[in-house]
Amino acid sequence: MLAREYHQRWEVENTIDELKIHLLGRKTHVRSQKPREVVQEVYGWLLGHWSVRMLMFQAATTAGIPPLRLSFTGTLRVIRRAIPKFQHLQPEEFPLFSIG
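If you read the sequence shown in the numbering used here, its first letter stands for residue 29, the second for the next number, and so on.
In structure tokens, the structure reads:
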């Protein structure tokens, strides 16, 4: 029982670390001024974290490896390097969103 609770706590702490340190950067502050906007901003952060994790899951599944073998920070590096390439594509050129 204690080991299971410790594992759960460890997963939560890792997720918070990924969100605060790696995804947002060390000095990111909440920019919103109103409570409703703060909630919206936090949801945006959570959606960004979920998106990275989902991409990791899809990549691991495609490669036939366990998703936990992939590095969150390594995945972020790959995404950040790919952003300039994808900024110049037309919507129909995106690999995941092509029609037909």
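Just so it is clear, CB atoms sit at the ideal spot from N, CA and C, and this is done for glycine as well.
Every value quoted in this text rests on a predicted model; they were computed, and no experiment measured them.
Spatial distance of residue i from residue j (CA atoms)
i	j	result
L75	A31	29 Å
T43	H35	12 Å
L117	V66	32 Å
G102	R64	33 Å
E41	T90	28 Å
R108	E33	34 Å
F122	E39	33 Å
F100	D45	10 Å
Status (buried if at least 16 other CB within 10 Å, exposed otherwise) for residue i
i	result
V80	buried
M29	exposed
M7	For the chain, the structure presents residues 29 to 128; residue 7 sits outside this window and is missing.
P112	exposed
Distance between beta carbons of residue j and residue i, contact taken as under 8 Å
i	j	result
L98	A110	With a Cβ gap of about 15 Å, L98 and A110 do not count as contacting.
Cut-off 6 Å between Cβ atoms - residues of its own chain near residue i, not counting five sequence neighbours on either side
i	result
P95	M84, F85 and A88
I93	none
Same chain, Cβ closer than 7 Å to residue i, five either side skipped, listed in chain order
i	result
L47	W73 and H77
Close Cβ partners of residue i (< 8 Å) along its chain, the five nearest in sequence each way excluded
i	result
F114	F122
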